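J.: The first sequence begins at 1015 in the numbering used here and counts up by one.
I'd like to ask you about the structure that follows.
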Amino acid sequence: MEFIITTPSEFSFDLCAEFLRRSPRELLHQWEDGSVRKLLQLGDKHVLFELREAIGENFVPVEKGILVRVLNGTLDKEEQHQLIQYIRAWFDLDTDLKPFYSKMAGDKLLGNLVQKFHGYRIVGQPDLFESLIWAVLGQQINLAFAYTLKQRFVEQFGSHFEFNGKRYYTFPTPQVVARLTDADLLPLQFSRQKSKYTVTIGQAFANQSIVQGQLATLALADARDALMKIKGVGNWTANYALMKTFRYKDAFPAEDVGVHNAIRILRNAKAKPTVDQVRRLFRKYKGWEAYATLYLWKSLP
DNA sequence: CGCCAGGTTAGAG
DNA sequence: CTCTAACATGGC
C-alpha cells in the first residue's frame, strides 16, 4: 500500500535524507536508491515502510510531498494514522519555519546558512529512550566512533525483522537494557561510564521513573530537570533529547563542541567560544535555539 | 605521535 | 560555589 504525505514548502527531502545517510553504520534505517527504509513497531505489528520524494506523475494535486510505501502488507485506518503521525514527527513537518527564516535573515552567523540549507529540518528521534542512549553514546567521543558503538549495541541487543533476505532492526528495549552489565557492554568498547549510564537509563524507563508521555506535557525547564535526575544525563544530553524527541524549539545543548566549533569557524576565530559566550550569543535566537543549533551543525565540514 | 571528540560526575579547594 | 581529574579509545 502507498500514500502521500503533503509537506510544507519549507521542507527539503534531500537535505533530511542526507542527514539520514551520514553514517554507513546506521542500522535503524537504510538508504536505497533514493528512498529511506525503516522498521516501525506499532503494537505487536512490524511495519516496514519506505519513503521517497513524491514528484512527477504520481503526484498532481499538491506541490510537495513524501511518497510512503508499506512493504510488508497493509495497515488499517488507525495504523495508517499512526504511521503518518510518526513520519510527521520524524521530519518535524508540523513546525512552521517561516518565522525562523525571517528572524534569521541578515544574521551574521546564520543568515547565509538558512539560505544555503533552506528546508532542512530537525530529523528527530521520536523515541525518548533511544534519544537519550544515543546522546550518551555520543558523549565526549567522535561521532564516527559513536556510530560504531551504536551499531554493536543495536546488533547485539535490538531485535530484527527479516524481509526479502534483509534484516531491519529495532532499538533495544528498556527491559533488555536494564538487565545488561559491564560484562555485556565493555566488550563492545563502551567505557565503564557509558556502560553505567546506559543501564541506568534502561532502568529508569523500565521501572517507569521516566515515562515519555508524562514528560511530553511539561515545560522545557521541568522536563530538563526530570531528565537530569538520571545519572549520566547532564544539560547537554537532556537538551539534545528535548530537541530531538519533544521538539522544544528553545532547547539547545550549549555545551556542544560541534556548536562551539561551528561558531569558531564561521567567525574565522582562533579559539572556540566559552559556554557562557554561546548562551549569550543564543539570546538573539530566543525561541529558535534548536534550529539555530541544527543549522550550525550543518555548517560543519 | 598528539590532539581532539555532538560531556558528566565526583571530589577537592 | 567553582574548578579539575578521570573516564577511555577511535579518528585524523
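Positions of the beta carbon are idealized from the N, C-alpha and C atoms, including for glycine.
Source: prediction; values computed, not measured.
If you count every other CB in all the chains shown that lies within 10 Å of the CB of residue 1139, and 16 or more means buried, which is it?
T.: As a first step, residue 1139 must be located in the first sequence, where it is residue number 125. It counts as buried.
J.: Determine whether the beta carbon atoms of residue 1255 and residue 1242 lie at a separation below 8 Å.
T.: Sequence index remark: in the first sequence, residue 1255 carries index 241 (1-based). Sequence index remark: in the first sequence, residue 1242 carries index 228 (1-based). Contact: no.
J.: Assuming residue 1052 and residue 1063 are in contact, meaning their beta carbons sit under 8 Å apart, how far apart are those beta carbons, in whole angstroms?
T.: In the first sequence, counting from the first residue as 1, residue 1052 sits at position 38. In the first sequence, counting from the first residue as 1, residue 1063 sits at position 49. Contact flag correct, Cβ pair sits at about 6 Å.
J.: Let me know the secondary structure DSSP gives residue 1154 once reduced to three states.
T.: Translated into the one-based positions of the first sequence, residue 1154 becomes position 140. It is coil, neither helix nor strand.
J.: With DSSP collapsed to three states, give me the class of residue 1098.
T.: The sequence position of residue 1098 within the first sequence is 84, counting from 1. Helix, per DSSP.
J.: Using beta-carbon positions only, say whether residue 1177 and residue 1282 come within less than 8 Å of one another.
T.: If you number the first sequence from 1, residue 1177 lands on position 163. If you number the first sequence from 1, residue 1282 lands on position 268. Taking 8 Å as the Cβ cut-off, residue 1177 and residue 1282 do not qualify as a contacting pair.
J.: Output yes or no for whether 8 Å exceeds the beta carbon distance between residue 1100 and residue 1163.
T.: Along the first sequence, one-based indexing puts residue 1100 at 86. Along the first sequence, one-based indexing puts residue 1163 at 149. The answer is no: Cβ separation not under 8 Å.
J.: On the criterion of 16 or more Cβ atoms from any shown chain inside 10 Å, does residue 1069 qualify as buried, or is it exposed?
T.: Mapped onto the first sequence, residue 1069 falls at position 55. When all chains shown are included, residue 1069 counts as exposed.
J.: In three-state terms, what does DSSP make of residue 1169?
T.: Numbered from its first residue, the first sequence carries residue 1169 at position 155. Residue state, collapsed to three classes: helix.
J.: Restricting to runs no shorter than 3 residues, where is the beta strand (DSSP E) found entirely within the stretch 1158 to 1227?
T.: 1173 to 1177 and 1180 to 1184, all fully within the stretch 1158 to 1227.
J.: Nearest to residue 1048 by CA position, among 1300, 1257, 1066 and 1239, is which residue?
T.: Counting from one through the first sequence, the residue named residue 1048 turns up at place 34. Checked all of 1300, 1257, 1066 and 1239; the closest Cα to residue 1048 is 1066.
J.: May I ask you to list the residues that DSSP assigns as paired with residue 1019?
T.: Counting from one through the first sequence, the residue named residue 1019 turns up at place 5. In the DSSP output, where bridge partners are listed per residue, residue 1019 has 1080.
J.: Could you give the DSSP three-state label for residue 1132: helix, strand or coil?
T.: In the first sequence, the residue the question calls residue 1132 occupies position 118. Three-state result, residue 1132: coil.
J.: Should the stretch 1227 to 1237 be regarded as contacting the stretch 1211 to 1219, the criterion being three or more beta carbon pairs within less than 8 Å?
T.: Cβ pair count under 8 Å is below three, so no.
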